[in-house]
Every structure is written in C-alpha cells, then in structure tokens.
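Just so you know, this note's numbering puts 155 at position 173 of the sequence shown, and the rest follows in order with no gaps.
Read the structure below first, then the notes.
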Amino acid sequence: MSSNRGSGSRNLRRNALEFGRTFVVMPKGTHKATIVWLHGIGEKGSSWTQILETLPLPNIKWICPSAPTRLVTLFGGYPCTAWFNMESMSEDACDDLEGLDASATHVANLLISEPDDVKLGVAGFSMGAAVALYSATCRALGQYGNGNRYPINLSAAVALSGWLPCSRNLRNRVGLSQEALRRASSLPILLCHGKVDDVVEYKLGEKSAQTMYSAGFQSVTFRTYNALGHYTIMEEINDVCNWLIACLGA
C-alpha cells in the first residue's frame, strides 16, 4: 500500500481497472463446472483458494481473480483492492456502474473460453458477492449496465454476506422482456447471510433476496445463520456445497 500511495494519485487512477493476479484451483475429478470466486474488499484472489481446495466438490474448477487497487470513497479515498467504488453500505448508496460493469466483464471473460459442456457460475463474499449478484442480473437482462451484450450463460450464482447493487427499477427492467423473465426465472441463486453481520447488515442481504425474487428470479434461496457475523463458518460452507451439487450436478 505504501508504494502505491508514494506513486501518486495519477498512477492509481491510471491503474484503476488493472486487475491483479488470477489463481486457479483445478478439479480433482471430472470437470463438470467452472465457478469464478470473487473475494471481499481488501483481499486478493488467493484469499479463498485454501478453502476452495478442501471442498468436497471434485468436479468444479475454481477461478479466483484479484480486484484492481482503487480509491474507495467509503474508506476516505484510501486505496485498496475493490471490485468497484462505494460511498456507503446502504440500499440507497450511489452505485459505481462503470466499476461494476468492468468487474462483471472481467468475470465473463474468465469464463468465456471454458468448454461448451461445462456449466458456468459466479460466486463471492461481501463485495465479491455483490458483483456475483450483479452478474446474475446482467445475465437475465442480456446486457451490462452500459448496454453491451452479456455473453455468458450462467448456471448458478452464490452470494455470501453480500448485497445486490443497482437494485433500483430491476423489476421493471426485467419485466420489459419475456426473454429476460425466462432467463431470470431459470437461474438458481443462493444468498447466505449472518444475522449479526456488522459490516453488511442482515436486512440489506434480506432485502436483496426479496428484490431479486420480486423481479422474477424465482429460483432464489436465502439461508440465514443466527450467530454469524461478517465471515464464513463450516455450516455455511456445507450449505453452499450441497446447493452446488444439487444445482450443477457437480
């Protein structure tokens, strides 16, 4: 961090969308699915690889990219790895559409060259979960927020301790197209949230699940954990594994 600060804000702006290193956990069995896993703010792609390597999901390949280093308004403009900029942790926060589109595009580009017979998914924790849910809405709408075509056929989206960005008018936007409604209703989504999360409040995760369901995402599962804060536990990880096996057959 100190070297970034010393290089000046000009370099930070210039490098804002330069994504970091990508880590890959290869399947130990038959490759049936590939999932991009997105870390939380301040982390990097390798932050979750140790957990992913131990999961009883031998047929899933995990791709773990690292977010760009950018100035985050919520942290007083301090530079850290983040998938997009954010001003506050609330439903009414102003969403960084450009940053969200860039990260969702990066995810799609990581998946686009996977074999045709492999199912594709996106998952994440906290801010990474927000990008996963945003990617799910792009899949349903068939386009990113900037209007460019969304090229990936997602088969699953998982969000741990996260929230849905750009939720305003989602219901109306999906409802404008029967094809968007069809894609939304057929995309399985799992949201998991702790009731004592002191970073991303439980009510924000709950509201996100409700918003997606009312917008036409009929296959939304919302799991809650009474004593869970802003981290993960084995009960939650086991729920994710069981859900993915049922959803992807992997």
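Glycine included, each C-beta is placed from N, C-alpha and C at the ideal position.
All of these numbers come straight from a predicted model, not from anything done at the bench.
C-alpha of residue 42 to C-alpha of residue 120: approximately 23 Å in a straight line.
Counting the other Cβ atoms within 10 Å of the Cβ of residue 10 gives fewer than 16, which makes it exposed.
Here residue 212 carries a coil assignment [DSSP, helix/strand/coil].
Beta-bridge partners assigned by DSSP to residue 207: 176. In the three-state scheme derived from DSSP, where H, G and I count as helix and E and B as strand, residue 1 is classed as coil.
DSSP, reduced to helix, strand and coil, places residue 60 within a strand of the structure shown.
Rounded to the nearest angstrom, the gap between the Cα atoms of residue 123 and residue 114 is 14 Å.
Here the stretch 191 to 211 makes contact with the stretch 165 to 177; the two share three or more CB pairs at distances below 8 Å. The alpha carbon of residue 89 has as its nearest neighbour, out of 29, 150, 223, 112, the alpha carbon of 112. Annotation: residue 121 is outside any beta strand (DSSP E); the continuous alpha helix (DSSP H) that includes it extends over 109 to 123.
Residue state for residue 36 is assigned as helix, using DSSP reduced to three classes.
The way I'd put it, the stretch 151 to 162 doesn't touch the stretch 175 to 187; fewer than three beta-carbon pairs between them come closer than 8 Å. Within the stretch 125 to 208, the alpha helix (DSSP H) runs of at least 4 residues that lie entirely inside it are, in chain order, 152 to 157, 160 to 168, 184 to 197. Under the 10 Å beta carbon count, residue 194 is surrounded by 16 or more other beta carbons and is classified as buried. In terms of Cβ geometry, residue 46 and residue 31 form a close pair [threshold 7 Å]. The three-state reading of DSSP puts residue 49 in coil, since its state is none of H, G, I, E or B. Residues 83, 86, 87, 120, 132 of the same chain have their beta carbon placed closer than 7 Å to that of residue 126, with the five preceding and five following residues left out of the count. Residue pairing by DSSP places residue 14 in no beta bridge whatsoever.
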